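Numbering (the working numbering), first residue to last: 7 to 930.
Remarks on the structure that follows.
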């Protein structure tokens, strides 16, 4: 049996290194940073205490016992003295103004109230200190976009005044941004230093202080363009609408727009980031052979401290008939740590075919094809997009056809899109009509349906026989009844009893009948920032996606996600619901923290690195959200109106790279629609592009409780699983009882009517079983591996013993659970699990008594799936049984409950659950 070992200390060090390498130094006048030993520092801003480890929502709900704050890390640093008087002032204020976590899903504020500072306070601090640090914090996330308002994308008046006052009084002031996404930088002229620290997860504070103190020299680079104003981004005018999001900027996203049309609107360019040392980058060779351009670059550390540098290669294409951005990133690499005076050589290679543009209107005579138009393709190399200089010119004498494809996902709604035209001083924006759909997609779908096969009866085959090579997968699947096939395309969750407690879903063997056929249940868990387990199990909180991409270090990210892969094995998670791969189309997208960049090449490379790391230990990730998931507002209903060219070159490109190079085997579609069809039912995307063009043979799942339709002229709903299967989106996520069709989906009805075929269901069943066959779930099923992972460097997170076989007691409405065995001593927790027939709001009644006096207070708090619920505060009852009733909401059928006894002295008899208001996501 193969053994697996997770070294927790290595895990922490890799994350800490990533935090340090991902920090982006934008400004460093007067050598403000690093903080020298012996310096006295005044620390301003409440984020020194209330550090944001991640954004909000499913991508950030990782349970940790403790995250080291920047303040704690500074206090632990030898040679750094903190202004104790100022710190005491902040501690007093923060105690009186506690952190506001908000209420409910997506309820956490973008920022917390900040302490206003007086001129006198700042002057006193300046007199007692050598340097000021100002921490600014922001969050956003799932279901909660940023807005162009103070406290979100903009600074508040108090924050503006804080930076202004401190920058005037201190000769050296560094602003540290603990944010998930770029924010407005209108104030950037005031402080002497600015550092984007992003959101660093468990090791965020320690990695950040490594950079602040010079233990690590910053080497992070921006993965987004920082413009002067939110209005400068061409997507802003079409962002946040309730029904349609029109992508008029087309392929001109981020730096592709600014470097082509609006250089003067840029404060900090894509790829920019300073260091504590200096480098030279000298091109040694540049040549083309057999269609591959290779550039070798000598990078020399010309400064006085160790450091790393990133080199970036961009192509400037000829405008031709299609029009092109002035710059497009085609390759990058990062040095190892170079000592002062040390030199290394980096080699960047790129196939000429990567320069091809997609013709979605036939302007080149090659509709629906990638072409290299005639002209000069100029390669530019530098350490950011603005500094890049010409290093090689490649001539295409006549137009070349690179790849002939077919029209897919084309828009049906007319709109105009950007195209460059030559002006007196460069390119000007012109809007031209976007080509619309020209094919009959329904006729094409019907012609391409798979051959159906009849039910063959029980031949005694199990999935083990397929694994052992004793039976073909098709022969095994032909034993599945229509009911079995309808069941296997349903995922069970959340908190399915068939897999690790508290995780997002089980899929594959989600019924007793499917288990009898030897199909185990595979497990998936959120998310990009670490493993989410809603029963409270601790896990490692990872740096956010933007931070990891800012490292430009694919080897580091790969090593980090090998550790994540081992942690997944430890927790019996087969696929992580990440990486998040959507493009930073606009800075206001609340979920940008999960994603990597405005650039598809960086996005693809970082996703490949994460997959490669997890694949080293036999687990994988689920690419999401496929595709064009670029705003959270109205995400269930938004229709992204986007050209086929923009999809091919920007929004699908990273996914394509991850499938072809990263060998992805699991993908999640979006909540919304692309060009009228909800992506969970988008045949062009899920079959024709993903599988037929890219060669993907894995599973596609919906996002949780997504809507589906088949054509743009029909409404989408959560029951149309027939359209989902028709598109070859294999799994509907999630339902509570897959074997009873508790969501009332239309799979069986459509199969009986002939609009859905058994062949289509068999196709999805095959995709699911192929995934399961390659998963650790199958290893556990066959006894090849028992799931054990040895953990070195035990701490609270790593050392937990997980009960993978939680017993859920089924409750009838109004039934009581005895609490007679509960230990109600101070600080104790009583744990139990229940399942209910209906989800919704329940009256929860606790019966208890106490011999304490009537003024005694004994609080008992109910946690449901690790979410704090009501608190029952009992007084002394003179030994008489008393009841209290509160309400709790159960979103899941299976619920893991905890009663926390804050003070002993209470005897508890039982707890009763009575349904008050039924709720189901199928109607939500």
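Just so you know, even glycine gets a beta-carbon here, dropped at the ideal spot from N, CA and C.
Values in this document were obtained by computation on a predicted structure and should not be read as measured data.
| Asked | Found |
| --- | --- |
| Short of 7 Å in beta carbon distance, which residues of its chain neighbour residue 569, apart from the five on each side in sequence? Order them along the chain. | 12, 16, 17, 20 |
| Please determine, among 362, 312, 29, the residue with the shortest C-alpha to C-alpha distance to residue 215. | 29 |
| Go through its chain and collect everything with a Cβ distance to residue 499's Cβ below 6 Å, but skip five positions before and after it. | 510, 511, 740 |
| Check residue 273 in the structure and name its three-state DSSP category. | strand |
| For residue 277 versus residue 228, is the C-beta distance shorter than 8 Å? | yes |
| To the nearest angstrom, how far is the alpha carbon of residue 904 from that of residue 504? | 20 Å |
| Taking 8 Å as the cut-off, decide whether the C-beta atoms of residue 693 and residue 632 are in contact. | no |
| Residues in the same chain with beta-carbon distance under 6 Å from residue 74, minus the five sequence neighbours each way, listed in chain order, please. | 211, 212 |
| How would you label residue 7, buried or exposed, when you count the other beta carbons within 10 angstroms and need 16 or more for buried? | exposed |
| Alpha carbon to alpha carbon, how far is residue 911 from residue 76? | 40 Å |
| Take residue 677 and list the residues in its own chain whose beta-carbon comes closer than 6 Å to its own, dropping the five residues that flank it on each side. | 641, 642, 709, 712 |
| Nearest CA to the CA of residue 461: which residue from 450, 366, 454, 486? | 486 |
| Does the beta-carbon of residue 262 have 16 or more other beta-carbons within 10 angstroms, so that it is buried, or is it exposed? | buried |
| With DSSP collapsed to three states, give me the class of residue 447. | helix |
| Can you check whether the CB of residue 928 is closer than 8 Å to the CB of residue 887? | no |
| State the start and end residues of the unbroken alpha helix (DSSP H) segment that holds residue 621. | 606 to 621 |
| Any idea if residue 36 is buried or exposed, counting beta-carbon neighbours within 10 angstroms, 16 or more meaning buried? | exposed |
| Within its chain, find whatever has a CB closer than 7 Å to the CB of residue 616; leave out the 5 residues flanking it on each side and keep chain order. | 563, 567, 585, 627 |
| Counting beta carbon pairs with one atom in the region 506 to 525 and one in the region 164 to 172, are three or more of them shorter than 8 Å? | no |
| Assuming residue 520 is part of the alpha helix (DSSP H), what are its boundary residues? | 518 to 522 |
| Considering only DSSP beta bridges, list what residue 293 is partnered with. | 300 |
| Going by DSSP, what residue range makes up the beta strand (DSSP E) through residue 30? | 30 to 34 |
| Measuring CB atoms only, is the region 748 to 758 touching the region 545 to 561, in the sense that at least three cross pairs come out at less than 8 Å? | no |
| If I measure Cβ to Cβ from residue 328 and keep anything under 7 Å in the same chain, skipping five residues before and after, which residues do I get? | 363, 365, 369, 370, 379 |
| Thinking C-alpha only, which one of 102, 118, 78, 49 is nearest residue 91? | 49 |
| Report the option in 56, 292, 324 whose CA atom is closest to the CA atom of residue 353. | 292 |
| Starting from the C-beta of residue 392, find all residues in its chain whose C-beta is less than 6 Å away, skip the five residues before and the five after it, and write them out in chain order. | 275 |
| Beta-carbon within less than 6 Å of residue 658's beta-carbon, same chain only, minus the 5 sequence neighbours each way: which residues are those? | 633 |
| Under the DSSP definition of a beta bridge, which residues are partnered with residue 250? | 645 |
| DSSP state of residue 415, grouped into three classes? | coil |
| When you compare only the Cα positions, how much space is there between residue 4 and residue 594? | Given a span of 7 to 930 for the chain in the structure shown, any question on residue 4 remains unanswerable. |
| Whether or not the region 61 to 74 and the region 311 to 323 are in contact is what I'm after, with contact meaning three or more pairs of Cβ atoms, one per stretch, closer than 8 Å; do they touch? | no |
| Assuming residue 672 contacts residue 705 under a Cβ cut-off of 8 Å, what Cβ separation, rounded to an integer in Å, is found between them? | 5 Å |
| Taking all protein chains shown into account, do 16 or more other C-beta atoms lie within 10 angstroms of the C-beta of residue 47, making it buried, or fewer, making it exposed? | buried |
| Can you look up residue 926 in the DSSP assignment and give me helix, strand or coil? | coil |
| Quick check on DSSP: helix, strand or coil for residue 91? | helix |
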